[in-house]
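Participant:
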Amino acid sequence: MIGTSLLELVFIRVCIILVQHSISLCVLLIALLRVTGGPPTLTTAFTSLLALELFYAVLIYLPFKARLRASARHPPPLTPKERAKLFERCLASVPDPERYLQLWFLGADPGEIKRENVKDFILWAFFDRKSVERVHSHEHHSVLDSDGGWVSYDSFGREEEPLLNASAKTPGDGAEEDVDALEHELDSYLSRTEKMLGRPLPPGRGTAVPLRLTFDVVETRYRSVVWYAIVSLVDFATHCTLFWHGFQLRAPSWRRALSVFPLRPELLLPSLPGRMQGWKGSSPSSELSYWYRQHTSKTSLPVVFIHGIGIGLHPYTTFLAEIPQDTGVIALEILPISMRLCSAPLSRPDFLRQLELIVSHHGWDSFVLVSHSYGSVLTTHILRSPTLAPKVAGAVLVDPVSICLHLPDVAYNFTRRPPRRANEWQLWYFASMDPGTALALGRHFFWRENLIWKEELVSLPSDNETVLENGVPGTSAIDEKGGVAVAGEIGSQGKKRKVAVVLSGRDLIVDTLSVARYLLCDGDLGSSPQYDENVLLEKLAGGTAAAHAPPGGDKRGGRCLTKDGIEILWFPTLDHSQVFDTAKDRSQVLDVISRYCSF
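Those letters in the sequence shown? Residues 2 to 600, by my numbering.
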């Protein structure tokens, strides 16, 4: 991530103009060259580039952009009991109720956020639907799933349970009752929201519009075919760098490689003899490619690494190379969030199934999971998997977006915030407005499936029984539905997973102070005393002044341990992703990984 200086702002704005408006610039330059009698070779070059741009725009970009208009297929709906538990847990972890509501409504005037507006937001957030109207039978459809079986979905994209007795219920039965029950449930949530705010919501509907990520129009911006040529070159450089450091790319079939734009020509080469045979190999997964380094250590565990949104593994090559050579590494490639036009992200069950194939293929029964940014979303899925969670001996989450995901900051900052500073422009155009990333976030990102609570991070499968306030056993932290896990006690006698969370004080995406408060407090944010910011910073610095480091001062920050056993590494002057930029900062993260890998 670049900085915030004026020079960087000018640089990034010029880059965006060149990449976004390449067709217009080509036409302008061709006209200018013809009028001024410029060199014919330049005219020919820009004419050829214009033809290539138009070919790409018509045959690749526009068809991909059409996919953004499709509706999201939401995960299976929660039961009313699960929904109520999740709602209460979320509201109990809101540090500033007024800001929470206002930011979910894109900074609207609080007077315009009325009862019907809040109802729209709750329907999206907790019901995955736009209204309380019953879905009629003709709105349901079936599709062939990846296992060859037929799965039925309603018009909201939710998978339906098969009817054991089709004659037991007709499409019209109980419609009024269902609507009444929904209205009653909604009213209870609205009353609870008013209690949290300490004021009644104005009746009616105002002009405020809520952020509803999977319902809203997915916005994107054009980018030149030249940009994808640069992405391809960076990808090839990444391949060469990781190969030099002893990694081998394991990729699905070449047919799968042909479905990705820009093409990865290095994957189409046949396996080479001698030392070059390590150039690439076959992946046991039909969907996921990954970089692999063999595990040879007898005294440590291997590492599974999941990157964030950006240009793939390129920003992490030095970091991966600095992991001890005898420590095995599997670094997944998540292409839909890597500035490429390709298939949609895997669903949670499909991702877990493919990762299980990879881990089992290499015989890894235990490993340390390391993730960055968006990778923390996939970490949530892994830690809720009955088969993979027991294998995760330790987890290191760098700049995680999945903790406190019920708060609006991540969704707003990444998808809706108007850019002003240089780093915000970089994030907006090269990440948020990237067509592949926009598709992944706008139609395949389901917050309640991706959110993780602090007790889930440290709990091992034997600890996962949870208890409701009334003493009734609740939802397991490892939940086949995608994880509600909203109640709250970990078995105090059970063994806990080693967990570290790396936070940056100037993160432009995550409200890291709120995340730190949540991790450090007893219970939930709303039910625990709020730390004064200075006290909080002292705690994050381990009782030193490092957390207050001024520009040019000690940028290494500090570390502390929460009551749940979560280790927090705090870098007060760093922005999102910058912890990977210098050896000094990387070394602190690598030290934690080495400790967690050791037997």
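Glycine residues also receive a C-beta, built at the ideal position from the N, C-alpha and C atoms.
Just so we're clear, the structure is a prediction, and the values are computed from it rather than from any experiment.
Assuming K499 and L461 are in contact, meaning their beta carbons sit under 8 Å apart, how far apart are those beta carbons, in whole angstroms?
Facilitator: Here residue 499 corresponds to residue number 498 of the sequence shown, with the count starting at 1. Here residue 461 corresponds to residue number 460 of the sequence shown, with the count starting at 1. Contact flag wrong, Cβ pair sits at about 11 Å.
Participant: Below 8 Å on the Cβ atoms is my guess for S339 versus G313; work out the distance and round it to an integer in Å.
Facilitator: In the sequence shown, residue 339 corresponds to position 338, counting from 1. In the sequence shown, residue 313 corresponds to position 312, counting from 1. Right, the Cβ-Cβ distance comes to about 4 Å (below 8 Å), so this counts as a contact.
Participant: Within the same chain, show all residues whose beta-carbon is closer than 8 Å to that of L19, passing over the 5 residues directly before and after it, in chain order.
Facilitator: For the purposes of this step, residue 19 is identified with residue 18 of the sequence shown, where counting begins at 1. L26, S225.
Participant: So does the segment 377–397 actually touch the segment 314–327, counting three or more Cβ pairs closer than 8 Å?
Facilitator: The answer is no - the segment 314–327 does not touch the segment 377–397, with fewer than three Cβ pairs under 8 Å.
Participant: Confirm, please, whether the CB-CB distance from L104 to P573 is below 8 Å.
Facilitator: Walking along the sequence shown from the start, residue 573 turns up at place 572. Walking along the sequence shown from the start, residue 104 turns up at place 103. No, these two residues do not count as a Cβ contact at 8 Å.
Participant: Might you give, ordered along the chain, the residues of its own chain that have their beta carbon closer than 6 Å to the beta carbon of A209, omitting 5 neighbours on each side?
Facilitator: The sequence position of residue 209 within the sequence shown is 208, counting from 1. Once the five neighbours on either side are set aside, the close Cβ partners of A209 are F106, A109, E113, I114, N118.
Participant: Buried or exposed: R90, going by 16 or more other Cβ atoms within 10 Å of its Cβ?
Facilitator: Residue numbering aside, residue 90 sits at position 89 when the sequence shown is read from its first letter. Its Cβ being crowded by 16 or more others within 10 Å, R90 is buried.
Participant: Using a Cβ-Cβ cut-off of 7 Å (strictly less than) and excluding sequence neighbours within five positions of L513, which residues of its own chain qualify?
Facilitator: Taking the sequence shown and counting its residues from 1, one reaches residue 513 at position 512. Correcting the residue type first, residue 513 is Thr in the shown sequence and not Leu. Here the set comprises L504, S505, G506.
Participant: At 4 residues or longer, what runs of the alpha helix (DSSP H) sit wholly inside the segment 2–68?
Facilitator: Runs of the alpha helix (DSSP H) inside the segment 2–68: 7–21, 23–37, 41–57, 63–67.
Participant: Cβ atoms of L302 and R68: under 8 Å apart, would you say?
Facilitator: Mapped onto the sequence shown, residue 68 falls at position 67. Mapped onto the sequence shown, residue 302 falls at position 301. For R68 and L302, no; Cβs fall outside 8 Å.
Participant: Leaving out five residues on either side along the sequence, give the residues of the same chain with a beta carbon under 6 Å from the beta carbon of S433.
Facilitator: Walking along the sequence shown from the start, residue 433 turns up at place 432. Correct list, in chain order: F415, T416.
Participant: Rounding to the nearest angstrom, what Cα-Cα distance links L398 and H185 in this structure?
Facilitator: Residue mapping note: residue 398 aligns to position 397 of the sequence shown, counting from 1. Residue mapping note: residue 185 aligns to position 184 of the sequence shown, counting from 1. Whole-angstrom Cα-Cα distance: 39 Å.
Participant: Hey, could you find the ends of the alpha helix (DSSP H) R444 is sitting in?
Facilitator: Within the sequence shown, residue 444 is the residue found at index 443, counting from 1. Run containing R444: 436–445, per the alpha helix (DSSP H) assignment.
Participant: Using three-state DSSP, classify H373 as helix, strand or coil.
Facilitator: Counting from one through the sequence shown, the residue named residue 373 turns up at place 372. Three-state DSSP puts H373 in a strand.
Participant: On the criterion of 16 or more Cβ atoms from any shown chain inside 10 Å, does K281 qualify as buried, or is it exposed?
Facilitator: In the sequence shown, residue 281 corresponds to position 280, counting from 1. It counts as buried.
Participant: Within 10 angstroms of its Cβ, does C241 collect 16 or more other Cβ (buried), or is it exposed?
Facilitator: As a first step, residue 241 must be located in the sequence shown, where it is residue number 240. When all chains shown are included, C241 counts as exposed.
Participant: Under the three-state reduction of DSSP, which class applies to Y223: helix, strand or coil?
Facilitator: Looking up residue 223 in the sequence shown gives position 222. Of the three classes helix, strand and coil, the one that applies to Y223 here is coil, per DSSP.
Participant: Look up S228 in the DSSP assignment and say whether it is helix, strand or coil.
Facilitator: Numbered from 1 along the sequence shown, position 227 holds the residue referred to as residue 228. Note on identity: in this sequence residue 228 is Trp, with Ser being the wrong assignment. Residue state, collapsed to three classes: helix.
Participant: Quick one: is A230 buried, meaning 16 or more other Cβ sit within 10 Å of its Cβ, or exposed?
Facilitator: The residue you call residue 230 lines up with position 229 of the sequence shown. Counting Cβ neighbours within 10 Å, A230 comes out exposed, since fewer than 16 surround it.
Participant: What does F368 pair with, by DSSP beta-bridge criteria?
Facilitator: Within the sequence shown, the letter at position 367 stands for residue 368. Note: F368 sits in a beta bridge opposite V393.
Participant: Specify, as a first and last residue, the run of the alpha helix (DSSP H) that Y101 falls within.
Facilitator: Residue mapping note: residue 101 aligns to position 100 of the sequence shown, counting from 1. Segment 98–105, the alpha helix (DSSP H) holding Y101.
Participant: Under the three-state reduction of DSSP, which class applies to G559: helix, strand or coil?
Facilitator: The count along the sequence shown starts at 1 and reaches residue 559 at position 558. Three-state DSSP puts G559 in a strand.
Participant: Which word fits V218, buried or exposed, when buried means at least 16 other C-beta atoms lie within 10 angstroms of its C-beta?
Facilitator: One-based indexing of the sequence shown puts residue 218 at position 217. With fewer than 16 other Cβ atoms within 10 Å, it is exposed.
Participant: Would a C-beta distance cut-off of 8 Å place A345 and L370 closer than the cut-off?
Facilitator: Working through the sequence shown from its first residue, we reach residue 345 at position 344. Working through the sequence shown from its first residue, we reach residue 370 at position 369. Not closer than 8 Å, so no.
Participant: Using 8 Å as the threshold, is the segment 45–62 in touch with the segment 79–94, meaning 3 or more CB pairs across them?
Facilitator: The answer is no - the segment 79–94 does not touch the segment 45–62, with fewer than three Cβ pairs under 8 Å.
Participant: Going by CA-CA distance only, name the one from S23, L406, L234, S94 that's closest to C522.
Facilitator: Along the sequence shown, one-based indexing puts residue 522 at 521. Among S23, L406, L234, S94, the Cα nearest to that of C522 belongs to S94.
Participant: Assign R265 to buried or exposed, taking buried as 16 or more other Cβ atoms, counted over all protein chains shown, within 10 Å of its Cβ.
Facilitator: Locating residue 265 in the sequence shown gives position 264, counting from the first residue. Its Cβ being crowded by 16 or more others within 10 Å, R265 is buried.
Participant: Please report the Cβ distance between V304 and C598, rounded to the nearest whole angstrom; I am assuming they are in contact, meaning their Cβ atoms lie under 8 Å.
Facilitator: Looking up residue 304 in the sequence shown gives position 303. Looking up residue 598 in the sequence shown gives position 597. About 7 Å separates the two Cβ atoms, so the contact holds.
Participant: Pull the bridge partners of L250 from the DSSP assignment, please.
Facilitator: Your numbering for residue 250 matches position 249 in the sequence shown. Its beta-bridge partners are K281, W292.
Participant: Compare the C-alpha of S578 against each of A58, G311, L30 and name the closest.
Facilitator: Numbered from its first residue, the sequence shown carries residue 578 at position 577. That would be G311, whose Cα lies nearest to the Cα of S578.
Participant: Between I331 and Y293, how many whole angstroms is the CB-CB distance? I'm expecting something under 8 Å.
Facilitator: Against the sequence shown, residue 331 aligns to sequence position 330. Against the sequence shown, residue 293 aligns to sequence position 292. With a Cβ gap of about 6 Å, I331 and Y293 count as contacting.
Participant: Drop a sphere of 10 angstroms on the beta-carbon of A584, count the other beta-carbons inside from all chains shown, and report buried for 16 or more, exposed for fewer.
Facilitator: Stepping through the sequence shown from its first residue, residue 584 is reached at position 583. Per the 10 Å Cβ criterion, exposed.
Participant: Considering only DSSP beta bridges, list what W448 is partnered with.
Facilitator: Indexing the sequence shown from 1 puts residue 448 at position 447. DSSP lists no partner for W448.
Participant: Whole angstroms are fine: how far does the CA of D188 sit from the CA of I179?
Facilitator: Start at 1 with the first residue of the sequence shown, and residue 179 comes out as number 178. Start at 1 with the first residue of the sequence shown, and residue 188 comes out as number 187. It should be pointed out that residue 179 corresponds to Asp in this sequence rather than to Ile. Using only the alpha carbons, I get a separation of about 14 Å.
Participant: Tell me S515's beta-bridge partners as DSSP assigns them.
Facilitator: On the sequence shown, residue 515 is found 514 positions in, with the first residue counted as 1. For S515, which the question treats as bridged, DSSP gives no partner whatsoever.
Participant: Alpha carbon to alpha carbon, how far is P391 from L212? Give it in angstroms, no decimals.
Facilitator: For the purposes of this step, residue 212 is taken as residue 211 along the sequence shown, with counting starting at 1. For the purposes of this step, residue 391 is taken as residue 390 along the sequence shown, with counting starting at 1. Looking at the two C-alpha atoms, the distance is approximately 36 Å.
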